[in-house]
Each structure stands twice: as C-alpha cells, then as structure tokens.
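Just below is one structure, and these are the notes that go with it.
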Amino acid sequence: MELTGQATGTHAWRVELTPFRRPYLDADGTVCVPLWLCKDGEHVTDTTLRLRSSEAGPFRDHIDGVLAESRPAGERNRT
Numbered sequence: 052m053e054l055t056g057q058a059t060g061t062h063a064w065r066v067e068l069t070p071f072r073r074p075y076l077d078a079d080g081t082v083c084v085p086l087w088l089c090k091d092g093e094h095v096t097d098t099t100l101r102l103r104s105s106e107a108g109p110f111r112d113h114i115d116g117v118l119a120e121s122r123p124a125g126e127r128n129r130t
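Encoded structure:
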C-alpha cells in the first residue's frame, strides 16, 4: 500500500507484508499481521497490524470484496 505518490516530489511510503512471517493469533486472540514500513523502497521498520476478532472479520470481508471487484468479469463468479 503506497501512502504518497512519487510524482508529488515527496517520499513514497509503503506498507508491505513482512517476508517469511505469517499472520497469527496472540494469546488474547488478537489477529496480528506482521508488516514492514518502507520509504522510497527501503525498509524502515517492522510493525504489526493488530485486530480484535470483531474487527478482523469485517476487514477480511472488505478485502474479499475489493479482490472480487478487481478480477476480470469472467473470473468473478469462480470460487
């Protein structure tokens, strides 16, 4: 996810999935998604997106909807 555009002359920030680390549940049942924060293509820091289960379900539903809309029309009905 790019946070700014390079065309504006500002730094391009991106949030990327952390390589080799998968999302997990912590001891409290919180969904944790390890992420990298990058600036101009360079890794700056690691962070974690933390979602309560009540937040994770709707978040997943929104992502699924975006992905379904981004597929070519002929592939949208396939599961």
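Quick note: our numbering has the sequence shown finishing at residue 130, numbered continuously throughout.
Where a beta carbon is used, it is the ideal one built from N, C-alpha and C, also for glycine.
On the premise that Ala119 lies in contact with Asp91, defined as a C-beta separation below 8 Å, what is that separation, rounded to the nearest angstrom? Indexing the sequence shown from 1 puts residue 91 at position 40. Indexing the sequence shown from 1 puts residue 119 at position 68. Not really, about 32 Å apart at Cβ, beyond 8 Å.
With DSSP collapsed to three states, give me the class of Asp91. As a first step, residue 91 is located in the sequence shown; it is residue number 40 there, counting from the start. Asp91 falls in the coil class under three-state DSSP.
Are the beta-carbon atoms of Asp97 and Thr61 separated by less than 8 Å? Counting from 1 along the sequence shown, the entry for residue 97 is found at position 46. Counting from 1 along the sequence shown, the entry for residue 61 is found at position 10. Not closer than 8 Å, so no.
Is Ala78 buried or exposed, if buried means 16 or more other CB atoms sit within 10 Å of its CB? Taking the sequence shown and counting its residues from 1, the one referred to as residue 78 is at position 27. Under this definition Ala78 is an exposed residue.
Should Val95 go down as buried or exposed, given a rule of 16 or more other Cβ atoms within 10 Å for buried? Here residue 95 is taken as the residue at index 44 of the sequence shown, counted from 1. The residue in question, Val95, is exposed, as its Cβ has fewer than 16 Cβ neighbours within 10 Å.
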